[in-house]
Amino acid sequence: MAREDAVRCLRCLLYALNLLFWLMSICVLGVAAWLRDYLNTVLTLTAHTRLEEAAVLTYSPAVHPVIIAVCCFLIIVAMVGYCGTLKCNLLLLSWYFGSLLVIFCVELASGVWTYDEPSVQRSDMISLKSRMPNYGLQRYQWLTHTWNTFQTEFKCCGVIYFTDWLEMTEMEWPPDSCCSNQYPGCARHAHYRDLSDLHQEGCGPKIYSFIRGTKQLQVLRFLGVSIGVAQILAMTLTLTLLWALYYDRKPPEPTPPDPPPGTDTGPLTITHGPQGEAPKSGNTRLAEAWSNTATTSNGHGHTQFEMERLS
1 MAREDAVRCL RCLLYALNLL FWLMSICVLG VAAWLRDYLN TVLTLTAHTR LEEAAVLTYS
61 PAVHPVIIAV CCFLIIVAMV GYCGTLKCNL LLLSWYFGSL LVIFCVELAS GVWTYDEPSV
121 QRSDMISLKS RMPNYGLQRY QWLTHTWNTF QTEFKCCGVI YFTDWLEMTE MEWPPDSCCS
181 NQYPGCARHA HYRDLSDLHQ EGCGPKIYSF IRGTKQLQVL RFLGVSIGVA QILAMTLTLT
241 LLWALYYDRK PPEPTPPDPP PGTDTGPLTI THGPQGEAPK SGNTRLAEAW SNTATTSNGH
301 GHTQFEMERL S
């Protein structure tokens, strides 16, 4: 009874861990997809600068294709583990344990291989100005769209200040994406009337803060560590459950059958008497066997007896 309660407890814990794997994997995929969009924008603006290298070093462990594939595979493995735990199937549970072990090794190797601190300083933000002269050109429509998207999303303008647009380009006023309330011609109106309608903070500090790490990146790191700890716990519980199920399926050792009632199981004693005389002690069946098997071997009265104990 105690072993059955232990097996039931192990199964409940594995159910909870598999559900946790599903939730954490979905969260990792969602946050990684959100970060990947912003990372592509930052990489476009910081191309051929030290900021680009720092951004890749910071976010490659979080949005690396290997990590995304591992999370997708973990969802499938969790489903297999759930089915194996539900049916108490030794084969599915063994496959589940092996898959968790492989995933854990891949995550550990990927984390160690991609771990590196980015070397970036605030002075590197000035290099972003080299991407501004191409704004608005026909050949660089993709760069124009990226600048507008970043300034709108992060509520910033220019690199250090909105005057960077007037300094680095031939524009007479900043782009309309610098306006807090955007509409066609809003930047021109704000430039000549009210500068407070423009975003006062530059995009350089925003990119620098993004590269140094965001709250979303911290959430991904926490989820990664939590998944690793949960995998170790799940593998331990799976091994314990496999042992318990295998022990229950072992055939019991055979035990000798009890003798039928009324059978004398005491020691057999034979008392030698004169020729042809049955023993004086013993039960009736043994006495009959004695009389049936007694024969005279020679004329001098020597008798040999053979008895077969009846069971």
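Each residue of the sequence shown is one higher than the one before, starting from 1 at the first, in full-length UniProt numbering.
Glycine included, every Cβ here is placed at the ideal spot set by N, Cα and C.
Boundaries (first-last residue) of the alpha helix (DSSP H) holding residue i
| i | result |
| --- | --- |
| valine 159 | Per DSSP, valine 159 belongs to no alpha helix (DSSP H) and is neither H nor E. |
| tyrosine 82 | 65-87 |
| histidine 48 | It is not in any alpha helix (DSSP H) - histidine 48 carries neither H nor E in the DSSP assignment. |
| arginine 212 | 203-212 |
| arginine 139 | Segment: none, arginine 139 is in no alpha helix (DSSP H) and carries neither H nor E. |
| arginine 188 | 186-192 |
Backbone secondary structure at residue i - three-state DSSP
| i | result |
| --- | --- |
| leucine 198 | strand |
Top-ranked residue by Cα proximity to residue i, from the options
| i | options | result |
| --- | --- | --- |
| aspartate 164 | Tyr140, Ser127 and Phe210 | Ser127 |
| glycine 202 | Phe154, Ile232, Ile211 and Asn181 | Phe154 |
| alanine 55 | Leu35, Ile68, Cys72 and Phe73 | Leu35 |
| tyrosine 208 | Gln141, Tyr246, Arg221 and Asp124 | Asp124 |
| glycine 98 | Ala244, Lys206 and Met235 | Met235 |
| tryptophan 173 | Ala187, Ser180, Tyr183 and Asn181 | Ala187 |
| histidine 64 | Arg50, Val106, Trp95 and Tyr96 | Val106 |
Spatial distance of residue i from residue j (CA atoms)
| i | j | result |
| --- | --- | --- |
| valine 225 | glutamine 218 | 11 Å |
| leucine 241 | histidine 48 | 54 Å |
| serine 60 | valine 31 | 14 Å |
| proline 252 | glutamate 4 | Here proline 252 scores only 49 on pLDDT, less than 50, and its place in the model should not be relied on; the value that follows carries that caveat. Looking at the two C-alpha atoms, the distance is approximately 17 Å. |
| tyrosine 82 | tyrosine 161 | 55 Å |
| serine 130 | glycine 185 | 25 Å |
| leucine 237 | proline 175 | 59 Å |
| alanine 244 | leucine 100 | 20 Å |
| glutamate 53 | cysteine 71 | 25 Å |
CB contact flag (residue i, residue j, <8 Å)
| i | j | result |
| --- | --- | --- |
| histidine 191 | glutamine 151 | no |
| proline 133 | methionine 171 | no |
| threonine 146 | threonine 214 | no |
| serine 177 | aspartate 197 | no |
| isoleucine 67 | serine 110 | yes |
| phenylalanine 104 | glutamine 231 | yes |
Residue i beta carbon near the ligand PLP (any heavy atom closer than 7 Å)
| i | result |
| --- | --- |
| aspartate 5 | This structure lacks the ligand PLP, and indeed carries no ligand of any kind. |
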